[in-house]
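Only one structure is covered here, and it is reproduced in the block below.
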Amino acid sequence: MTKAALVTGARHRIGAAIAAHLVDKGWRVFAHVRSQDDDVPEGCAKVVGDLADPDIGAALFAQVEGPCDLLVNNAAAFEHDGLEAPDAAMFERMMAVNARAPMLLTSAFAAHGASGGDRSIVNILDAKLAAPNADHLSYTLSKAALAGLNEVSARALAAAGIRVNAIAPALMLPSGPQDSEDFTRVHDLNPLGRGVEPAHLLEALDALVDNRVLTGQTLWLDAGQRYLALPRDVAFLGENQ
Numbered sequence: 002m003t004k005a006a007l008v009t010g011a012r013h014r015i016g017a018a019i020a021a022h023l024v025d026k027g028w029r030v031f032a033h034v035r036s037q038d039d040d041v042p043e044g045c046a047k048v049v050g051d052l053a054d055p056d057i058g059a060a061l062f063a064q065v066e067g068p069c070d071l072l073v074n075n076a077a078a079f080e081h082d083g084l085e086a087p088d089a090a091m092f093e094r095m096m097a098v099n100a101r102a103p104m105l106l107t108s109a110f111a112a113h114g115a116s117g118g119d120r121s122i123v124n125i126l127d128a129k130l131a132a133p134n135a136d137h138l139s140y141t142l143s144k145a146a147l148a149g150l151n152e153v154s155a156r157a158l159a160a161a162g163i164r165v166n167a168i169a170p171a172l173m174l175p176s177g178p179q180d181s182e183d184f185t186r187v188h189d190l191n192p193l194g195r196g197v198e199p200a201h202l203l204e205a206l207d208a209l210v211d212n213r214v215l216t217g218q219t220l221w222l223d224a225g226q227r228y229l230a231l232p233r234d235v236a237f238l239g240e241n242q
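Plus 1 on top of the position in the sequence shown (first one is 1) and you've got our numbering.
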């Protein structure tokens, strides 16, 4: 039986790349978007829902036809605040979308039927968690919460045969208002001197999904950037140079 996957945030950027990649590998893919008017990659079935909805787990899996073998918690809200002026409303939004929704989807996935055999969840984190700074404070804290969920759910769901892992990529695509010139300049700012590309994340996804004994792991895709302990997010380094 063909395996099925649910990918959140599949309208564009890395979410669309993940969904298209899984289709190419022969998966039935349910691509989550926020609005019925949003496009999804060719070959995907569209599922619609607002990740800030406290019933999002049940709402999305009600649209998934048949068993589901893989959940990719990719979608993320991303805005900037910092310790000098933390934004309480932003914090609530970030936590709802980036941490609470994956928690609810993880629970719904565990309760949903499977085609048999191995099942897994992959959470998309952020490499800045390995050497955090206060830029994008609310976002960073929400991703830290998602990292906690990754550990807790890996422990809790192992007995059910569900593996839970994470990928933490560094800058792969232009961030926020970052222009192409600045992105090019900072993309390879790491000890290996080479930028992280979406293809690297897809390779990491395949490794986590295909290896049936990996659970509770985080793959850091940062070319060693964490060793630099950058004082600011790479999107802002140009302001001081």
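Beta carbons: idealized from backbone N, C-alpha and C, even for Gly.
- If you keep only unbroken alpha helix (DSSP H) runs of at least 4 residues inside the region 85-140, you get 89-96 and 102-112.
- Runs of the alpha helix (DSSP H) lying entirely within the region 130-208 and spanning at least 4 residues, in chain order: 138-158 and 181-188.
- Beta-carbon to beta-carbon, Q64 and V41 are separated by about 12 Å, too far to satisfy the 8 Å threshold.
- Counting C-beta atoms within 10 angstroms of its own C-beta, T107 has 16 or more neighbours from the protein chains shown and is therefore classed as buried.
- Your pair L222 and L202 checks out as a contact, with CB atoms roughly 6 Å apart and the cut at 8 Å.
- As far as DSSP is concerned, R14 takes part in no beta bridge.
- L220 has I168 as its beta-bridge partners, per DSSP.
- Contact between L52 and T9 is confirmed by a C-beta separation of about 7 Å, below the 8 Å threshold.
- For A60, the enclosing alpha helix (DSSP H) covers residues I57 to F62.
- Under a 10 Å Cβ-count criterion, G58 is classified as buried, with 16 or more other Cβ atoms of the shown protein chains found around its own Cβ.
- Using a 10 angstroms sphere on the CB of G177, the tally of other CB atoms stays under 16, which defines it as exposed.
- Judged by their CB atoms, N124 and N151 are nearer to each other than the 7 Å cut-off.
- Take the alpha-carbon of L71 and the one of S181: they are about 34 Å apart.
- Taken through DSSP and simplified to helix, strand or coil, H22 comes out as helix.
- Around the Cβ of G162, a 10 Å sphere holds fewer than 16 other Cβ atoms; the residue is exposed.
- Judged by beta-carbon spacing, A132 lies within the 7 Å limit of A230, meaning their Cβ atoms are closer than that value.
- Around the C-beta of G118, fewer than 16 other C-beta atoms lie within 10 Å, and the residue is accordingly described as exposed.
- In the DSSP annotation of this structure, V214 is not part of any beta strand (DSSP E), being labelled neither H nor E.
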